[in-house]
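Chains as they are written, first to last, in the working numbering: chain A, 18 to 324; chain B, 140 to 282.
Below is one structure, written out as structure tokens; the observations come after it.
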């Protein structure tokens, strides 16, 4: 074989090895059978609380929806990001257009692993990076509640994602770097309320998805956890909700609870944009959960405004 | 020709100045609402005692403020969407909806003044609809 032939051959071998490594590393990793078993036999009443804690309606119901309209999960909300426009899908109980034919295990794979029933990766605009921290039983309860919701006909339009982000398999590499079900911040000996708040904020509440700045690859910068910064979706700036400079250090826990219940800040300004819908969700939770969130926000490391 | 160029420059400068004035005006109006809310909301939440005269005075100021912002074209003119503003691009994309939101707020404040509440329950009944405008309008039209 000529020298150039050998060179080409070694290039080909390298490319194949690289391709195989990519293919292996980027493979979707669904839940195992033991984890799937934990999702069975959910309680719909508890599941409703998870539904509000998880903020499902904020993206999957119509923008600005109130009352029972927040249970009409037709999708269609557009999240405009540097990677393209993500359109929230129909997650109503319609068997073809929604997720009416999903088992509790399907919901578990979607929320805990970011994997579809067909074994494809979801884009992390669906905040499984946070949901991965949820208890499997909570997903089971959520499934039991969601099957009680109405079916809605009609698929949402497809997302508009530019190459190379349009290659879904690449999300497997993103997951290797950023998908982690460990707590986002380490807290020394947290009280029961702080621990509950940590679960709600870092898991179902997925507060960090907007309130924590992202790096160039769209991963959350946990060194600036909840420090706010430029909005990852839409326009404007997301507020710092730590006690650092520019944050909410001068708010009492009661102030935080009042905001989560009414939408009013201590100055009686009223939160706008996507936070208005978050407040409607938080207002559905028991008072003890809002207090737990406030206790957690007071316990986390203080940061100056994120960037 | 030169005159035309000067005129164009002057016009651009004038409309930029008008946009900046409008921005400052509407921010002052929003700040005044905040200070009135600091009087009214604690009373509605029963953290401060109810006083009919205090409440009516604040409601009248809120109503005057709300009637002013029904002139959406003057306060949110084209070109005032940049700089130090939290107004969402949706204000200019959906002027009719934004106008309707301002009109609704003005109607609710006018109704509250007309009711001239004489006790806490009557005040809470008219204040709830007034305050609900804050969140719904900010959700759609503020970043």
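Backbone N, C-alpha and C define an ideal beta-carbon position, used for all residues, glycine too.
For clarity, every value in this text was computed on a predicted model and none was experimentally measured.
Residue range of the unbroken alpha helix (DSSP H) whose run includes residue i
i, result
"residue 97 of chain A", "Per DSSP, residue 97 of chain A belongs to no alpha helix (DSSP H); it is in the beta strand (DSSP E), 95 to 98."
"residue 103 of chain A", "Unbroken run through residue 103 of chain A is the beta strand (DSSP E), 101 to 104; no alpha helix (DSSP H)."
"residue 268 of chain B", "259 to 280"
"residue 302 of chain A", "Where residue 302 of chain A is concerned, there is no enclosing alpha helix (DSSP H), given that its DSSP letter is neither H nor E."
"residue 278 of chain A", "270 to 279"
"residue 117 of chain A", "Taken as a continuous stretch (DSSP letters only), residue 117 of chain A belongs to no alpha helix (DSSP H), as it is neither H nor E."
"residue 211 of chain B", "211 to 214"
"residue 192 of chain A", "188 to 195"
"residue 236 of chain B", "234 to 254"
"residue 259 of chain A", "Element bounds for residue 259 of chain A: n/a, residue is neither H nor E."
"residue 36 of chain A", "20 to 42"
"residue 202 of chain A", "Segment: none, residue 202 of chain A is in no alpha helix (DSSP H) and carries neither H nor E."
Rounded straight-line distance, which links the Cα of residue j to that of residue i
i, j, result
"residue 133 of chain A", "residue 184 of chain A", "15 Å"
"residue 93 of chain A", "residue 50 of chain A", "33 Å"
"residue 158 of chain A", "residue 72 of chain A", "15 Å"
"residue 280 of chain B", "residue 161 of chain B", "16 Å"
"residue 12 of chain A", "residue 227 of chain A", "Absent from the structure is residue 12 of chain A, since the part of chain A shown begins at 18 and ends at 324."
"residue 175 of chain A", "residue 253 of chain A", "25 Å"
"residue 25 of chain A", "residue 180 of chain A", "28 Å"
"residue 225 of chain B", "residue 293 of chain A", "15 Å"
"residue 298 of chain A", "residue 33 of chain A", "49 Å"
"residue 75 of chain A", "residue 256 of chain A", "18 Å"
"residue 275 of chain A", "residue 282 of chain A", "8 Å"
"residue 38 of chain A", "residue 138 of chain A", "17 Å"
"residue 30 of chain A", "residue 21 of chain A", "14 Å"
"residue 202 of chain A", "residue 319 of chain A", "11 Å"
"residue 80 of chain A", "residue 35 of chain A", "44 Å"
"residue 192 of chain A", "residue 204 of chain B", "51 Å"
"residue 70 of chain A", "residue 324 of chain A", "27 Å"
"residue 84 of chain A", "residue 40 of chain A", "45 Å"
"residue 306 of chain A", "residue 213 of chain A", "7 Å"
"residue 304 of chain A", "residue 67 of chain A", "15 Å"
"residue 223 of chain B", "residue 238 of chain B", "22 Å"
"residue 178 of chain A", "residue 296 of chain A", "30 Å"
Beta-carbon gap between residue i and residue j smaller than 8 Å
i, j, result
"residue 169 of chain A", "residue 312 of chain A", "no"
"residue 167 of chain B", "residue 208 of chain B", "no"
"residue 322 of chain A", "residue 245 of chain A", "yes"
"residue 291 of chain A", "residue 280 of chain A", "no"
"residue 222 of chain A", "residue 237 of chain A", "no"
"residue 242 of chain A", "residue 317 of chain A", "yes"
"residue 258 of chain B", "residue 189 of chain B", "yes"
"residue 121 of chain A", "residue 59 of chain A", "yes"
"residue 171 of chain A", "residue 86 of chain A", "no"
"residue 190 of chain A", "residue 42 of chain A", "yes"
"residue 179 of chain B", "residue 194 of chain B", "yes"
"residue 65 of chain A", "residue 162 of chain A", "yes"
"residue 284 of chain A", "residue 173 of chain B", "yes"
"residue 153 of chain A", "residue 52 of chain A", "yes"
Residue i - partner residues in DSSP beta bridges
i, result
"residue 178 of chain A", "A:101"
"residue 254 of chain A", "A:247"
"residue 307 of chain A", "In the DSSP output, where bridge partners are listed per residue, residue 307 of chain A has none listed."
"residue 138 of chain A", "A:132"
Beta-carbon separation (whole angstroms), residue i vs residue j, contact threshold 8 Å
i, j, result
"residue 88 of chain A", "residue 160 of chain A", "The pair is not a contact, with the Cβ atoms about 15 Å apart (cut-off 8 Å)."
"residue 194 of chain A", "residue 234 of chain A", "7 Å"
"residue 6 of chain A", "residue 104 of chain A", "The shown model of chain A, from 18 to 324, leaves out residue 6 of chain A, and the question about it has no answer."
"residue 251 of chain B", "residue 266 of chain B", "7 Å"
"residue 46 of chain A", "residue 150 of chain A", "With 8 Å as the limit, residue 46 of chain A and residue 150 of chain A do not qualify as a contact, their Cβ atoms being about 16 Å apart."
Cβ-heavy atom distance, residue i to the ligand SAM, below 7 Å
i, result
"residue 249 of chain B", "Among the ligands in the structure shown, none appear at all, so the ligand SAM cannot be discussed."
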